[in-house]
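In the working numbering, the protein residues as written are 2 to 60. For every residue, glycine included, the Cβ atom is placed at its ideal position computed from N, Cα and C. A short worksheet on the structure shown next.
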């Protein structure tokens, strides 16, 4: 294997490593986004319940 082939192989390996790393990072981000979405839904539900209670108290 000459020097050019070795450099090409190293570059290709580095690119593959980066693709795998990016995929892992994206998976982690999606999990966090899913968790944040669930928390936002829970917060909205709490606020709706709060507003309902406040309306009942005012009556």
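Item: What span of residues does the alpha helix (DSSP H) with residue 57 cover, start to end?; Value: 4-59
Item: For residue 43 and residue 60, I'd like the C-alpha separation in whole angstroms.; Value: 26 Å
Item: CA-CA distance, residue 34 and residue 55?; Value: 31 Å
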